[in-house]
Amino acid sequence: MTEDQVRAERMTFTLMRCALACVMITIIGGASSILFYIEQIAKFLNGYGIQFQNLRPLHTTFASAWIFLGGVACVHRYLFSAIASPTPGDRKRFRFQMVCWGLAGAGICLTLPFGLSSGREYLGFHPIFSLLILAGWLAFAVTFFKKVSKGFFERPVYVYMWGTGVLFFVFTFIEGHAYLIPQVRNYPIADLQIQWKHCGTLVASFNMLVYGALLYLGELVTGDKSYARSTKAFVFLGIGMLNSFTNYAHHTYHIPQDHLIKWVAFVVSMIEIIILVSIFNDLRRAIAKTTPTDRFTQTTRYLAIGRAWSFGLLALALLISVPPLNAVIHGTRVVMAHAMGSEIGIDTLVLFAFFSFVIEDAFSRCWRTQAWLRHIDARRLINRLNGSLIALFLWLMLDGLVTGITRAQSMPLPEWLAKISPMATVVLGTIHAYYLLRVVHDLGMMLKRPVDRRRLECDVFPDYPVPPRSLLPPPSTKNISSGIGDDVGADHV
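Here the numbering used here is used: the first residue of the sequence shown is 354, the next is one more, and so on.
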């Protein structure tokens with residue numbers, strides 16, 4: 354690798370590691386929050402001044418940060434591999450954006466647990482950290498548009514998606530701070546309308562990054578560059594852009610607004626999900642043509658699971674958008690299940706697929722790393738991650754439906770649900786968090802010391818091919834990360 358290629362890879366890997374760190378903080382914040390569902394534990398933690406309302410924003414903030422940073426990592430991979438190597442100016446802006454985001458992340462971690470919060474949804478941290486986040490994002494935006502500006506109108510659709518997401522984040526992030534203006538803060542209905550709109554559009558901005566990453570990944574895996582320039586892809590872009598401005602409305606039936614807005618939001622949002630499902634299907638067929646059916650890769654496995662989740666969430670989205678049904682489930686754990694299913698079952702799985710591909714591509718001649726990526730244990734871990742998410746999702750759905758129906762009938766919560774709900778939520782949430790942490794840990798270990806790994810795995814035996822899967826040794830992230838040359842030589846012999 355040339356020096357410029359090493360620098361570009363280092364920048365992408367840095368973003369990937371930071372994104373995975375956000376997942377870990379998200380899990381810690383979520384695991385701490387669900388402990389409050391158990392009354393005895395909640396009283397114990399409250400006695401030490403630890404409050405639920407201080408921990409939940411930690412979970413939601415870094416869940417959003419994970420998806421944004423993961424998307425930004427995908428964008429950097431494209432900018433510095435498909436367009437041009439990073440210039441000195443690019444590297445300076447990169448250092449600036451990472452310093453800004455690092456300071457903001459550290460400040461949020463230190464202040465939220467102690468109650469220094471704005472009290473807002475998705476922007477629960479103190480507004481001072483918003484300035485750092487925005488400054489870093491603007492630096493990233495400058496790098497992005499400088500790289501793609503030449504020949505912009507000949508670029509594939511995912512570049513347009515990323516550009517839309519980059520600009521839309523700036524708009525919606527600033528909009529989310531409208532509560533700082535007295536004329537908004539002093540009028541609760543207007544404040545609530547803006548806050549709900551901001552929540553929906555903020556999600557839409559990172560969806561544009563993830564959907565672009567999905568199309569870019571499909572191009573990398575299949576080698577087919579025509580799909581990202583097809584009519585369907587650009588229709589998806591147009592629907593996604595329109596949905597970015599309207600998708601919040603069919604979740605806000607309880608807020609005063611024109612019915613036309615609700616209908617437009619409902620129709621556009623459903624069309625976007627249908628096209629997303631169609632794109633997943635197209636990618637599955639394209640991958641099946643280019644990848645042997647007996648060749649397991651983590652990338653294709655994550656994409657296959659993401660496709661299944663997109664079907665399930667499409668059905669759920671259609672149901673909960675029907676006004677009478679929405680009135681029943683609003684404020685219950687059905688909404689939590691839908692949000693968690695979307696962010697993990699689609700966004701997170703797409704990013705995991707992309708990260709796996711980048712690692713596989715970066716260490717294509719490192720046979721020990723390839724062994725880990727294709728080993729049966731990796732397949733089992735992904736399946737268990739998916740199974741634990743399904744179990745948690747179904748439980749939240751059941752809990753929310755029973756709660757909503759009994760509430761609509763002005764009846765008390767069933768005794769059996771009141772007894773088992775807290776413990777069931779904690780147990781299933783903990784199991785899923787465990788498997789999610791294992792995936793994050795393994796991906797993180799693959800990103801450690803890439804130069805050493807290539808030297809020890811590739812350069813020691815530069816002409817040694819990847820052995821058949823049946824001959825591969827069990828994966829050992831310990832050996833991979835420790836870089837012990839004797840281990841590599843001994844296994845080779």
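Even glycine gets a Cβ: it sits at the ideal position worked out from N, Cα and C.
Nearest-angstrom Cα separation, counted from residue j out to residue i
i	j	result
L465	E528	22 Å
I697	F415	13 Å
Y401	C375	26 Å
R363	P767	55 Å
A437	Q393	57 Å
T379	R806	29 Å
P821	G383	Residue placement at P821 cannot be trusted, given a pLDDT of 41 that sits under 50; what the coordinates show is reported in the next sentence. Approximately 41 Å, taken between the alpha carbons.
Y788	G489	32 Å
I735	P803	24 Å
P765	D795	45 Å
L463	F478	10 Å
D714	A786	28 Å
M693	R582	31 Å
Q651	L666	22 Å
V452	A680	44 Å
L373	H728	22 Å
R430	R638	25 Å
G458	A586	35 Å
I534	A543	12 Å
K503	P541	46 Å
T328	I632	Missing from the structure shown is residue 328; the chain here goes from 354 to 846 and no further.
L800	F710	12 Å
P441	M369	21 Å
K396	Q404	10 Å
I626	E356	42 Å
Contact set for residue i: own chain, Cβ-Cβ below 6 Å, skip 5 residues either direction
i	result
V428	W515
C371	L422
F449	A492
A531	V537 and I547
T367	none
M662	Checking the displayed sequence, the identity of residue 662 turns out to be Trp instead of Met. The residues are G698 and I699.
Q762	none
E572	K578 and A581
G468	N407
N- and C-terminal bounds of the alpha helix (DSSP H) containing residue i
i	result
Q393	E392 to G400
H412	F405 to Y431
S709	L702 to A715
F506	Unbroken run through F506: none, as it is neither H nor E.
G665	Q651 to I673
D544	P541 to T575
A581	Per DSSP, A581 belongs to no alpha helix (DSSP H) and is neither H nor E.
Q723	W720 to R727
S763	No alpha helix (DSSP H) contains S763, which DSSP labels as neither H nor E.
H530	No alpha helix (DSSP H) contains H530, which DSSP labels as neither H nor E.
L465	Note, L465: premise wrong, no alpha helix (DSSP H); not H, not E.
T355	No alpha helix (DSSP H) contains T355, which DSSP labels as neither H nor E.
T685	Here T685 belongs to no alpha helix (DSSP H), and DSSP marks it neither H nor E.
F389	From DSSP, F389 is part of no alpha helix (DSSP H); its letter is neither H nor E.
A494	P480 to V501
R864	Since the first residue of the chain shown is 354 and the last is 846, residue 864 is not available in this structure.
Same chain, Cβ closer than 8 Å to residue i, five either side skipped, listed in chain order
i	result
I682	I673, V688, G753, L754 and G757
I559	The question names Ile, yet the displayed sequence has Phe at residue 559. Result list for F559: S417, I420, F421, G424, G518, F522 and D700, in chain order.
L590	V510, Y513, M514 and T517
G782	G383, A384, I387 and L745
Y475	T413, T414, S417, G529, H551, C552 and L555
L678	L672
S774	Y390 and D752
T365	A426, H429, R430, F433 and V711
Cβ separation of residue i and residue j, assumed to be a contact under 8 Å, to the nearest whole Å
i	j	result
L487	F526	6 Å
F482	G455	That pair is no contact at about 11 Å.
V792	L738	6 Å
T778	Y390	5 Å
S470	N407	7 Å
M623	A670	7 Å
I712	L726	7 Å
V574	I592	Not a contact, Cβ separation roughly 24 Å.
Close Cβ partners of residue i (< 7 Å) along its chain, the five nearest in sequence each way excluded
i	result
A361	F433, S434, S438 and P439
S579	none
I784	S741
V703	V563, A566, L567 and G659
M750	V687 and A690
D443	T496
F707	C427, A566 and L570
S695	L666
V617	T599
S823	Per-residue confidence for S823 stands at a pLDDT of 41, beneath the threshold of 50, marking its modelled position as unreliable; the derived number appears in the next sentence. Counting only Cβ-Cβ distances below 7 Å, and skipping sequence neighbours, we find nothing.
Residue i beta carbon near the ligand NAD (any heavy atom closer than 7 Å)
i	result
I697	Among the ligands in the structure shown, none appear at all, so the ligand NAD cannot be discussed.
Short CB-CB distance (under 8 Å) between residue i and chain B
i	result
V574	The chain labelled as chain B is not found in the depicted structure, where only one protein chain is given.
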